[in-house]
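**Student:** To start, I am sharing the structure in question, which I have written as structure tokens.
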Amino acid sequence: MAGSRPLKSSPLLLTSLLFLIGILTLAMLGPWLSPFSPYEIDLTQTNLPPGLAHPFGTDALGRDLFVRAWGGARISLFVGFAAALIDLGLGLMLGGLAGYIGGKWDTAFMRSVEVLYGIPYIMVVLLLAVILGPGVFSLIVGMTLTGWIPMARLVRGEVFRAKEEDFVLAATAMGQGPFRILLWHILPNVMSPVLVALTLTIPQAVFLEAFLAFIGLGVPLPRASLGTLITEGARESWYYPWQLFIPATILCSTLLAFNTLGDTLRDMLDPKRGEPAPRPLVRGSVNIPEIPPEKTLGAPLLTLEQACVRFLTPRGELPAIREVSLTLQPGEMLALVGESGSGKSTLGRSIVGLLPKKGSLVSGKCLFMGQELRLPRLGPLDQLGKPKLAMVFQNPLGSLNPTMQAGKQVAEALVSARMLSWAAAKDEALHLFKEVGIQNQRRCFFAYPHELSGGMRQRVVFAVMLALSPSLLIADEPTTALDVATQARILALLTKLKTTRGLGVLFITHNLALAKGWADRVSVLYAGEIVEEGPSRRLFQDPRHPYTKGLLDSIPKLDADNPDNALFALPGSPPDPYTLHKGCAFAPRCPVARPYCKDEPAPWVTLEDGHRARCFAVKEALLL
Amino acid sequence: MRPARSKVSLQSRGSLWRLFGRVIVMLATLWVVATFTFLGMRLIPGDPFSDPKVTPQVRENLYRKYGLDKPLYKQYVRYLGNLSRLDFGVSYVQLGRSVNDIIAQGFPVSAELGLWALLLALFWGTLLGTLAGLHHEGRIDRYATFLAALGVSVPSFILALFFQHVFAFRLGLFPVAGWEGGIARFLPALTLSILPAATIARLLRASILDVLRQDYIQTARIKGLAHTRLLVHHILRNAALSVLTYLGPMVVNITTGSFVIETIFNVPGLGKHYVQSIYDRDYTLVMGTTVFYAALLIVAMFLVDIAYGLLDPRIRAFGAKER
Ligand code: SF4
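Protein chains in written order, with our numbering: chain A, 91 to 714; chain B, 17 to 339.
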């Protein structure tokens with residue numbers, strides 16, 4: 091992310107950087123831009139307002155404030171940079187060594203650092219300024235005495251991580267010395283957090299210097315930092331406000347620019363930045379109308395027609411879902427299988443309305459119980475409209491609120507969806523816990539999610555969703571985070587709910603074995619498109635699409651104990667969604683690709699029992 | 017992801033050990049500060065009584081009185097003994113006044129000021145941070161983020177001078193200085209609250225954005241909860257936890273901020289006395305008060321850490337989370 095023209099993509103970064111360069115230049119050159127000396131006293135020219143000769147005016151002793159201000163900025167910035175660089179040097183060296191040596195030395199180091207780190211930084215600086223006497227030297231010593239610790243911790247952590255990485259192991263094996271490894275292999279990795287820390291340490295030191303100047307511990311006279319100037323200006327601020335205003339503005343804007351620079355850098359280097367922006371709270375909501383039962387009889391629970399989802403990303407438009415059509419009947423489990431990145435999760439989220447609001451374009455038709463849901467406008471489901479859609483996510487720990495007791499999360503849903511009282515909701519929640527197969531319901535009710543096992547958590551999530559009495563449950567990799575035995579138990583539970591409650595289940599998974607074992611029908615998704623679908627048994631016995639075939643052939647290769655690993659061990663890699671051509675997306679990997687597959691959309695071929703595949707080869711085989 | 021532990025007793029014993037470890041570290045920190053201060057005192061050239069006006073006879077008496085005639089290690093032991101009895105020493109300039117005296121007089125005022133500032137900071141910070149986080153990348157977010165960035169960039173003494181100038185001198189809305197009556201408390205408390213408020217706002221915003229990405233928020237949305245419930249119980253409650261880690265540094269910020277703010281607004285708190293003693297170069301008073309402040313902050317941060325452990329159900333063990 092950060093690599094792609096960071097300056098252009100962030101005007102804030104550019105502005106603050108340019109501003110800082112300007113300030114630095116003025117601080118360096120300022121004294122030469124004026125004929126006056128910062129220490130020259132001229133009692134005939136006291137307290138002049140800003141004018142041509144003295145752009146910033148003069149002070150009570152007739153000294154030119156322009157030279158004094160930029161000279162002061164130089165001192166302040168020198169203190170800031172010196173302190174930050176020494177922190178960096180010490181931090182890199184000590185943190186790097188501790189991380190590199192490890193073991194007992196490292197433990198001893200960390201213990202003593204912990205003791206030192208508890209000392210309030212400001213107190214150290216104050217004490218040193220008193221003991222050594224105020225001055226640039228004592229300031230910098232005071233600031234760096236404990237200031238290097240955060241940097242050292244950062245570096246140590248990174249070194250520990252880097253030590254495990256292959257290229258570092260290789261370098262060690264090749265006999266490179268520790269300093270060489272630190273310098274060439276580890277340093278580049280720590281650069282971004284260190285850079286951020288550095289940009290935030292400098293303003294902190296400048297800030298502290300000004301603070302000390304104000305309480306009489308700044309650089310000794312006649313030299314003056316910005317802090318000194320502000321302190322002097324404050325005494326005269328009633329009559330000559332510019333004497334305070336000008337140095338204060340320089341100081342504040344410099345600090346602001348540094349902080350903005352640090353913030354923008356941190357945001358840019360943040361690995362999370364690539365994720366879609368979270369959806370803000372939306373006021374509007376969808377009403378899902380109550381539908382008379384006779385109207386829904388026989389009608390499919392969910393119908394998608396030509397559904398498309400595109401994301402606007404910095405790289406351009408990303409087509410995540412391309413013209414997907416599918417139907418799901420009540421009491422049916424439809425498995426949506428595909429590699430990661432095939433768009434299966436996006437499809438699930440788009441039906442419930444959980445796509446990021448910014449930058450996602452949705453088109454197509456979605457009929458839920460015969461009523462049209464307008465995909466692009468889906469917001470949180472209306473609390474009065476009785477939600478009939480529910481969704482379970484991959485990570486059961488992540489989908490439960492970590493700071494709320496499990497039972498309360500179920501009860502809360504009951505209160506809001508079924509308008510129960512809290513007492514009634516609690517009883518009902520215990521019933522639901524029983525229904526999803528939780529043994530010790532009462533204990534589970536009061537437990538926090540982290541106190542439960544993975545399978546237990548997922549059961550709680552199911553209970554939460556059942557509290558909504560849904561007709562359709564979208565289960566996005568509901569068992570991936572669980573062990574094999576629990577997986578089977580959870581899927582058995584889903585199957586039971588399917589029959590007892592007539593629940594339609596859209597089961598999103600990358601695990602073919604699970605789809606084969608549990609789903610009624612299967613749709614295979616590749617690069618945002620359905621390439622083959624049909625009743626589970628048919629599809630697995632007689633796969634037609636080359637992609638499905640490839641998948642099934644790759645199954646025997648994996649180790650039987652852990653069917654979760656090494657799935658989709660197909661030659662080649664999934665296509666880059668940004669550069670899809672018009673024809674079949676699988677063409678580059680397809681063993682039987684025709685020359686025209688790339689250029690023309692493949693035709694749908696209908697086989698018996700609702701088994702369909704979308705492929706030229708299938709069509710031609712049928713015609714033969 | 018830790019697997020759920022079944023044996024609660026084992027867990028609580030572990031956390032007791034950790035608590036014990038934390039106390040040891042805290043005591044060690046206090047000891048380092050005290051020793052550092054003691055040695056620092058000896059480093060200052062001359063001593064408080066080397067004034068030529070003091071006759072040798074008087075000087076000897078003073079030496080004996082303050083134990084300066086004893087060997088260094090005895091002085092050190094005596095000094096540590098005094099500290100452990102919470103005796104922070106005496107002023108060598110204002111003869112007859114002890115640091116404890118000055119603390120007893122000034123600290124309640126400073127504590128009150130700090131408390132008001134804390135409350136204001138929590139209010140402003142939460143408001144600004146929540147608004148910004150919920151309107152991510154919208155106009156409100158941009159304004160709030162800018163305000164918060166300004167808040168952490170403008171040093172409190174500049175802010176104090178500015179507020180004093182505008183609201184007290186020019187507009188006459190508040191008294192220029194002093195601590196008489198409720199209205200006089202407003203400006204100092206407001207000024208003192210700005211830095212922590214801005215920091216809270218920034219942390220809360222980032223943490224709300226983080227929380228909004230979590231699946232449990234999606235779960236809560238699917239539940240169709242009312243907006244206030246979603247906001248308070250699911251978004252804010254989780255986002256606030258990461259802000260709690262800032263409570264320790266916040267105590268430090270408010271304390272040091274109070275040094276200059278009490279000086280500017282002439283509030284008769286400990287901070288003002290402290291700055292005055294620095295101006296007067298009353299070394300022993302400075303040292304005594306510094307040790308007091310350091311101890312206060314170290315203990316406060318320790319308590320905040322423990323509170324954090326108690327408030328987050330995931331962190332049962334004290335200080336188990338790496339800072
Ligand atoms: S359409 Fe062509 S490229 Fe695509 S799967 Fe069929 S044969 Fe292969």
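All C-beta atoms in this analysis are idealised placements derived from N, C-alpha and C, irrespective of residue type, glycine included.
1. Should C342(A) be flagged as near chain B, meaning a C-beta pair shorter than 8 Å?
2. Could you check whether the Cβ of R684(A) sits closer than 7 Å to any heavy atom belonging to ligand 1?
3. Between I564(A), G170(A), S506(A), V614(A), which has its C-alpha nearest L246(B)'s C-alpha?
4. Under 7 Å Cβ-Cβ, which residues of chain B neighbour E204(A)?
5. Can you look up Y329(A) in the DSSP assignment and give me helix, strand or coil?
6. According to a CB-to-CB cut-off of less than 7 Å, which residues of the segment 164-181 of chain B neighbour chain A?
7. Going by CA-CA distance only, name the one from F483(A), T291(A), M183(A) that's closest to L572(A).
8. Quick one: what's G406(A) bridged to in DSSP?
9. Please tell me whether, using a cut-off of 7 Å, the distance from the CB of H635(A) to the nearest non-hydrogen atom of ligand 1 is below it.
10. Any Cβ of chain A within less than 8 Å of the Cβ of N282(B)?
11. Please list the partners that R15(B) has in chain A, where partner means a Cβ-to-Cβ separation under 9 Å.
12. Please find out if some non-hydrogen atom of ligand 2 comes closer than 7 Å to the beta-carbon of A575(A).
13. Give me, in chain order, the residues of the same chain whose beta-carbon lies closer than 6 Å to that of M317(B); leave out the 5 immediate sequence neighbours on both sides.
14. Quick one: measure Cβ to Cβ for I598(A) and L426(A), integer angstroms, because I've assumed they're closer than 8 Å.
15. Tell me whether A333(B) sits in a helix, a strand or coil according to DSSP, three-state version.
16. To which residues does DSSP link R702(A) through a beta bridge?
17. For E422(A), collect the residues of the same chain with a Cβ closer than 6 Å to its Cβ; drop the 5 residues on either side in sequence, then sort them by chain order.
18. H600(A): buried (16+ other C-beta within 10 angstroms of its C-beta) or exposed?
19. Taking Cβ-Cβ distances below 8 Å as the criterion, which residues of the segment 194-216 of chain B are in contact with chain A?
20. Report whether the distance from the Cβ of A677(A) to the nearest heavy atom of ligand 1 is below 7 Å.
21. For A692(A), is the beta carbon positioned less than 7 Å from some heavy atom of ligand 1?
22. By the 7 Å beta-carbon criterion, what residues does the segment 214-227 of chain A contribute toward chain B?
23. On the DSSP letters alone, give me the boundaries of the alpha helix (DSSP H) that S435(A) sits inside.
24. Tell me whether A707(A), by its Cβ, gets closer than 7 Å to a heavy atom of ligand 1.
25. Examine ligand 1 and report whether any of its heavy atoms sits within less than 7 Å of the Cβ of C674(A).
26. Quick one: does P329(B) have its CB under 8 Å from some CB of chain A?
27. For S223(B) versus V268(B), is the C-beta distance shorter than 8 Å?
28. In this structure, how does DSSP classify M509(A) when only helix, strand and coil are distinguished?
29. Can you tell me whether DSSP reads D649(A) as helix, strand or coil?
30. At a cut of 8 Å, does the segment 228-246 of chain B reach the segment 302-310 of chain B through at least three beta carbon pairs?
31. Excluding the five sequence neighbours on either side, which residues of its own chain have a C-beta within less than 6 Å of the C-beta of L587(A), listed in chain order?
32. When the cut-off is 8 Å and only beta carbons count, does N530(A) lie next to chain B?
33. Say whether chain A places a C-beta atom closer than 8 Å to the C-beta of L313(B).
34. When you measure from the CB of C687(A) to every non-hydrogen atom of ligand 1, does any distance come out below 7 Å?
35. Once DSSP output is grouped into helix, strand and coil, what is the label at V268(B)?
36. Going along chain B in order, which residues have a C-beta closer than 7 Å to the C-beta of G488(A)?
**Tutor:** On the basis of the coordinates in this document:
1. yes
2. yes
3. S506(A)
4. V41
5. coil
6. A165, L166, V168, S169, V170, P171, F173, I174, L177, H181
7. F483(A)
8. T403(A)
9. yes
10. no
11. It is not possible to answer for residue 15(B), since the shown part of chain B is limited to 17 through 339.
12. Ligands present in the displayed structure are limited to ligand 1, and ligand 2 is not among them.
13. G264
14. 5 Å
15. Caution applies to A333(B), whose pLDDT of 40 falls short of 50 and renders its modelled position unreliable; the value that the coordinates give is listed next. It is coil, neither helix nor strand.
16. E623(A), T696(A)
17. G594, D610
18. buried
19. none
20. yes
21. yes
22. L216, L217, V220, I221
23. 434-442
24. yes
25. yes
26. yes
27. no
28. coil
29. Only weak support exists for where D649(A) lies, its pLDDT of 47 falling under 50; the value from the coordinates is given anyway. Reduced to three states, the DSSP call for D649(A) is coil.
30. no
31. L593
32. no
33. yes
34. yes
35. helix
36. Q230, D231, Y232
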